[in-house]
Amino acid sequence: MFCPKCGKAIKDDAKFCKYCGTQISKNSQSVNVNSDTSFDSKNKDNTKILAVAIVVAAIVLVALVFAALSLTSDNGGDDAKAVEANKDSSVAVTSSSSSSSSSSQSSSANAEKSWVSVGSFSGSGSGSQSISVPAGEIRIDISAFPIKNYATNYLYLTGSNGESAGIDWGSTSAVASKSDSVSFTSSSTTTFTIDYYETESWSVEVYKYQ
47 MFCPKCGKAI
57 KDDAKFCKYC
67 GTQISKNSQS
77 VNVNSDTSFD
87 SKNKDNTKIL
97 AVAIVVAAIV
107 LVALVFAALS
117 LTSDNGGDDA
127 KAVEANKDSS
137 VAVTSSSSSS
147 SSSSQSSSAN
157 AEKSWVSVGS
167 FSGSGSGSQS
177 ISVPAGEIRI
187 DISAFPIKNY
197 ATNYLYLTGS
207 NGESAGIDWG
217 STSAVASKSD
227 SVSFTSSSTT
237 TFTIDYYETE
247 SWSVEVYKYQ
């Protein structure tokens, strides 16, 4: 215990303070005991406050952890959505590219097609002859040059499908080359008759679009 006058530590059963000689009464001992009890009480209160603070800190920490996990989960969902969106975009781009590629191939195929000669016939003078024209998209060009006189000159082309072309000169026509053309599409071979009269030269060219 402590001396109530000088405050120095003395034995608990001392009747006098060995430092200042003050008589120590039972009340003083009681006071000292009470002081010690009060000190212990304060320590207990401090311990309780510390415990409460620790519990509160733990609760706050748990709340922060849950909040962080929640944000991570949301971000994961957003990332997943972004990935799906990118996949859809990629699919859309791929589809568009495929479509463009198909269109390009189709255009390329059309660009590669052209009129190809599949038959050539020629002659002079007067006469007639038959020719066979294949199925498909067909064009026939005819041309002729007349004999230099005043007779009636001509070159006629007549098909079994009703298609025809022709050129002629009257007795007063200028002596010069003339030409004509006919185009059609047929699903089968067609026979054409070439009739010509008083020609110095003539030609019939057959083309197929392929």
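Going by my numbering, the first residue of the sequence shown is number 47, and it counts up by one from there.
Where is the CB? At the ideal position from N, CA and C, for every residue including glycine.
As the structure is a prediction and not an experimental result, all values here were calculated from the model.
Close beta carbons around residue i, own chain, < 6 Å, minus the five adjacent residues each side
i: K54; result: Y65
i: V252; result: V164, G165, V179, I186
i: M228; result: In the sequence under discussion, the amino acid at residue 228 is Val, which differs from the Met named in the question. Excluding positions up to five away in sequence, the list reads I186, E209, A211.
Counterpart residues of residue i in DSSP-defined beta bridges
i: E251; result: S166, D187
i: A55; result: F48
i: Q69; result: F62
i: I240; result: Q175, L203
i: T245; result: G171, P192
Alpha carbon of residue i to alpha carbon of residue j, nearest angstrom
i: G266; j: S225; result: Since the first residue of the chain shown is 47 and the last is 256, residue 266 is not available in this structure.
i: A181; j: T231; result: 7 Å
i: M47; j: F112; result: 53 Å
i: C49; j: N92; result: 27 Å
i: V162; j: K254; result: 5 Å
i: S71; j: A97; result: 39 Å
i: L107; j: I95; result: 18 Å
Same chain only: Cβ atoms within 7 Å of residue i, ignoring 5 sequence neighbours per side
i: P192; result: N199, W215, V221, E244, T245, E246
8 Å CB neighbourhood of residue i in its chain, flanking five on each side removed
i: T237; result: S176, I177, S178, V179, G205, S206
Contact with chain B by residue i, beta-carbon distance below 8 Å
i: S234; result: Annotation note: the requested chain B is absent from the structure, which comprises a single protein chain.
Distance cut-off 7 Å: residue i Cβ against heavy atoms of the ligand ADP
i: I240; result: In the structure on display, the ligand ADP does not appear, and there are no ligands present to speak of.
Given 8 Å, three or more beta-carbon pairs between the region 166-178 and the region 210-227
no
Continuous beta strand (DSSP E) assignments of at least 3 residues falling wholly in the region 161-238
161-179, 182-192, 199-205, 210-215, 224-232
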